[in-house]
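Throughout, the working numbering is defined as the position within the sequence shown, counted from one, plus 1.
What follows is one structure encoded as structure tokens, with my remarks underneath.
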Amino acid sequence: MSANDDFVFSRSYRGKVKGLILDWSGTTADAYVLAPAVVFVEVFHKHGIEISMTEARGPMGLRKDLHILELTKEPEIRARWTSIHGKAPDQGDVDRMFADFVPMQLACLRNYTTLLPGVADTIQTLQSQGVKVGSTTGFLRSMVDILEEDAAKQGYKPDSSVAGDEVGGQGRRHDLGYRGSTQRRLLGCRHRALLQLHGYQFPRGSRNHGARGDCPAS
2 MSANDDFVFS
12 RSYRGKVKGL
22 ILDWSGTTAD
32 AYVLAPAVVF
42 VEVFHKHGIE
52 ISMTEARGPM
62 GLRKDLHILE
72 LTKEPEIRAR
82 WTSIHGKAPD
92 QGDVDRMFAD
102 FVPMQLACLR
112 NYTTLLPGVA
122 DTIQTLQSQG
132 VKVGSTTGFL
142 RSMVDILEED
152 AAKQGYKPDS
162 SVAGDEVGGQ
172 GRRHDLGYRG
182 STQRRLLGCR
192 HRALLQLHGY
202 QFPRGSRNHG
212 ARGDCPAS
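Printed below as a string of structure tokens:
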């Protein structure tokens, strides 16, 4: 047994920042996170239940259908629902509310796509320095397309994005969910190639070891 057995050594990265993963609402656009909360309130109202903006924001970070599900599990909201409908909300109710949510969110989303001050300039500066920027959100791809289109007009163009309906996770509360999936996507395709170009070697036995970084045309 050597003296070195008394120590644990670990390798830490001390190089430059090479990638960022950013949310949309409240991080890069929609400063007060109004877009989803307003629609959650409206959806429950359509089904006869009043919820506050504070309640609507409670499960933020989940994919939107799962967000609605979590709202129906809140004791006070659940009690109101039972009082109005004579039964507790179930998955069928969640599915119907989510079916209402999608077109309602699409209809008003452009009202909430204004970037936060400094976002465009900051991201452009980072990208000019070689930093890759990914975006992640609980919004559906159809909604992300709107966000990206309006953001591009204001000067913000992320290099990669992942929407809530493009992954099987449950959002950032569950194993990083779509944020984890964004990270995995950044380790795939063009972004995996980027890391390889910077000299990063994936550990032998890992899912990325020996994987190619190029992407099929899309």
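Where is the CB? At the ideal position from N, CA and C, for every residue including glycine.
Go ahead and label Val134 buried or exposed: buried means 16 or more other beta carbons lie within 10 angstroms of its beta carbon, across all protein chains shown. buried
Between Leu23 and the rest of its own chain, which residues show a CB-CB distance below 6 angstroms, the 5 nearest in sequence each way excluded? Thr29, Ser136
Could you tell me the boundaries of the beta strand (DSSP E) in which Leu23 lies? 20-23
I think Val44 touches Asp101, with their Cβ atoms under 8 angstroms apart; what is that distance to the nearest whole Å? 5 angstroms
Ends of the alpha helix (DSSP H) at Phe123? The residue asked about is misnamed: residue 123 is Thr in this sequence, not Phe. First-last of the alpha helix (DSSP H) with Thr123: 120-129.
Taking the alpha-carbon of Ala57 as reference, which of Leu148, Val40, Arg97 has the nearest alpha-carbon? Val40
Just grab the DSSP bridge partners of Gly1 for me. The structure shown does not extend to residue 1, since the chain is modelled only from 2 through 219, so no value can be given for it.
Contacts around Gln128, its chain only, beta-carbon distance under 7 angstroms, and the 5 residues preceding and following it disregarded: Val134
Could you give the distance in angstroms between the alpha-carbon of His46 and the alpha-carbon of Val34? 19 angstroms
Close-in-space but distant-in-sequence residues of the same chain around Ile69 (CB under 8 angstroms, 5 per side omitted): Phe41, Val44, Val95, Met98, Phe99, Phe102
Continuous alpha helix (DSSP H) stretch holding Gln92: start and end: 92-109
Under three-state DSSP, which class holds Leu141? coil
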